[in-house]
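Undergrad: Chains as they are written, first to last, in the numbering used here: chain A, 150 to 439; chain B, 150 to 439.
Provided herewith is a single structure, encoded as structure tokens, for subsequent inquiry.
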């Protein structure tokens, strides 16, 4: 897993724009957040599904990096004062605390563009194909927009300061967190030229893992410490936000995480390759401490 | 020209997301800004260059709409309090004054995603080709990111409250305004399957028109009225911003607009088709009053 993180980060940092004279603050701000660490779950899932479908890492890496760029842009915008107003992220000052709100806003915007530039450039198309490139772009753009991640963030905002029902919290989680994780799994298969049955199974795996991931996040917001998590805990309660934990309690949440993880692992049965790595990853994610 | 605007707006409004239960505020906010009018210059340029290269409107329209989505997202983000803090846009309250800063931020983010979703969807690929789709996505993503529009906005921010030199103001204009107009012209050719010589000439035309467009904007900020322009005039002076006008004076600016327009029209010589519409458009843009 550590080797994969090295592989992903090396490719990711190579995409940071170079050679610009007047835009130093913007490039620094982009690099600051891309290099802030994190679990790199989404790009790892892309690589693993590509391998499972017989793809090589070179074809999958641009799509893996694009996912991390979209994830990073969403964190920068999420931390802004008009959104969650978080001063810390991954144990460091959030982007706008270092570069100002204007540059942070624009760095997020530029990172979204960079994701699509990365997936559509000549090298990416040559390493996979124009068909794979267009399909991955369509998956990522639809899963990160109104019907996906951004839509989920809006539901999240609207659920603040009121008691939301389980249905809207579930839809929120599927979109806010699940969509990008689902995209990661599907894109790994597409980059390797896999058939529709496999793309579908990967998407189902991703959806299950994604919801479980968000429930674990909600649990950790209650049970972890600021140091362990790298950001302030208790923010959901402070924002009077309805979560799985506030609606169902911690024990029921842990049961759901185990059930979703088991269902995710079952989706892997349609693949012929070695599913050990993805099985382990699923279990580790359900037991994570940060 | 009015028929083209109708054609573009009809296609554009069809792309507004439908059937979402919990995301009403987001969808309304997106629709509000997409429907706020404007000259629709960029999509018109895409249609015109497609026609000039023998393409049909159906192939070009998705790319034309994507351009207007990117332009609209940039205006929403540009008006935010942490950026230009403009309360009015096109004679109406700006997006965040109606929907709040959080929804406006997310509407901009979702519009950027929607642009790439529009260019990569099945119908778009079927109407042109996977190759045209990937190429247009690569043009638009690179011209709207760090090396293009967003980079230009950063230079613009950094030029506030100081006397910038003509070089940085020029680079700013080429990127902030020129890049998207250049993209519009190139994408029209690409969607029609034109050769590289034509794509290059269209790009050069767009760059010239784009710089001229920004100089006219700077002139109107000094010579127009709030009513005529649909937004407050005098904002550049208020922000102590160096512009072509503050650096060169209005007379020299008008001369440059005429020269750039003439150079743009010369770029059209490589095309075999009827260049009347593009010639007229160039001249009208140089003489515009808002």
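We treat Cβ as the ideally placed atom computed from N, Cα and C, and that holds for glycine.
#1: Pull up the CB-CB distance for residue 220(B) and residue 191(B), whole angstroms please, since I reckon it's below 8 Å.
#2: Starting from the C-beta of residue 186(B), find all residues in its chain whose C-beta is less than 8 Å away, skip the five residues before and the five after it, and write them out in chain order.
#3: Buried or exposed: residue 389(A), going by 16 or more other Cβ atoms within 10 Å of its Cβ?
#4: Going residue by residue through the stretch 383-419 of chain A, where are the continuous alpha helix (DSSP H) segments of at least 4 residues, counting only ones entirely within it?
#5: What did DSSP end up calling residue 437(A) once you bin it into helix, strand or coil?
#6: In the DSSP assignment, what are the bridge partners of residue 238(A)?
#7: May I have a chain-ordered list of the alpha helix (DSSP H) segments no shorter than 4 residues that lie completely inside the stretch 313-351 of chain B?
#8: Return the first residue and the last residue of the alpha helix (DSSP H) that residue 208(A) is part of.
#9: Smallest Cα separation from residue 160(A): which of 223(A), 208(A), 417(A)?
#10: Can you find a CB in chain E that lies within less than 8 Å of the CB of residue 166(A)?
#11: Using Cβ-Cβ distances below 9 Å, what residues of the stretch 225-241 of chain A are close to chain B?
#12: So for residue 379(A), helix, strand or coil by DSSP?
#13: Between which two residues does the alpha helix (DSSP H) holding residue 292(B) run?
#14: Classify residue 298(B): buried if its beta carbon has 16 or more other beta carbons within 10 angstroms, exposed otherwise.
#15: For residue 368(B), decide whether its Cβ has a neighbour in chain A, counting only Cβ atoms nearer than 8 Å.
#16: Is residue 255(B) close to chain A? Criterion is C-beta to C-beta, closer than 8 Å.
#17: Once DSSP output is grouped into helix, strand and coil, what is the label at residue 141(A)?
#18: Identify, in the order they occur along the chain, each residue of the same chain with its Cβ nearer than 7 Å to the Cβ of residue 263(B), setting aside the five sequence neighbours on each side.
#19: Using CA atoms only, rank isn't needed, just tell me which of 305(B), 150(B), 153(B) is closest to residue 323(B).
#20: Just curious, the alpha helix (DSSP H) that residue 157(A) is in, first and last residue?
#21: Which residue comes first and which comes last in the alpha helix (DSSP H) that contains residue 119(B)?
#22: In whole angstroms, give me the CA-to-CA distance for residue 312(B) and residue 300(B).
#23: Residue 353(A) by DSSP, collapsed to three states: which one?
#24: Could you have a look at residue 372(A) and say whether DSSP puts it in helix, strand or coil?
#25: Hey, could you find the ends of the alpha helix (DSSP H) residue 307(B) is sitting in?
#26: Per DSSP, what kind of secondary structure is residue 169(A) in: helix, strand or coil?
#27: In three-state DSSP terms, what is residue 268(B)?
#28: When DSSP labels each residue in this structure, what does residue 422(B) get in the three-state scheme?
#29: Can you tell me which of the three DSSP states residue 233(B) falls into?
#30: Kindly list the residues whose CB is nearer than 7 Å to the CB of residue 334(A), restricted to its own chain and excluding five residues on each side of it in sequence; keep chain order.
#31: Closer than 7 Å, Cβ to any Cβ of chain B: which residues of the stretch 289-302 of chain A, in chain order?
#32: So residue 359(B) packs on residue 331(B), CB below 8 Å; how close in whole Å?
#33: Is it buried or exposed for residue 150(A), if we count other Cβ within 10 angstroms and need 16 for buried?
#34: Quick check on this structure: which residue in 176(B), 392(B), 252(B) has the alpha carbon closest to the alpha carbon of residue 162(B)?
#35: Which of the residues in the stretch 353-378 of chain B, read from start to end, lie with their CB under 7 Å from any CB of chain A?
TA: Working from what's here:
#1: 6 Å
#2: 239, listed in sequence order.
#3: exposed
#4: 384-387, 393-397, 399-416
#5: In the three-state reduction of the DSSP assignment, residue 437(A) falls in the coil class.
#6: 241(A)
#7: 315-322, 328-340
#8: 206-228
#9: It is 208(A) whose Cα lies nearest to the Cα of residue 160(A).
#10: The chain labelled as chain E is not found among the protein chains of the depicted structure, namely A and B.
#11: 226, 229, 230, 231, 232
#12: coil
#13: 279-293
#14: buried
#15: no
#16: yes
#17: Residue 141(A) lies beyond the residue range present for chain A, which begins at 150 and ends at 439; the question has no answer from this structure.
#18: 164, 218
#19: Closest in alpha carbon position to residue 323(B), among 305(B), 150(B), 153(B), is 305(B).
#20: 151-163
#21: Outside the displayed range of chain B (150 to 439) lies residue 119(B), so it cannot be described from this structure.
#22: 19 Å
#23: helix
#24: helix
#25: 298-307
#26: It is coil, neither helix nor strand.
#27: helix
#28: coil
#29: coil
#30: 194, 198, 351, 352, 354, 355
#31: Legend: CB atoms of the stretch 289-302 of chain A lying less than 7 Å from CB atoms of chain B belong to residues 290, 291, 293, 294, 295, 296, 299, 300, 302.
#32: 6 Å
#33: exposed
#34: Residue 176(B) is the option with its Cα nearest to residue 162(B).
#35: none
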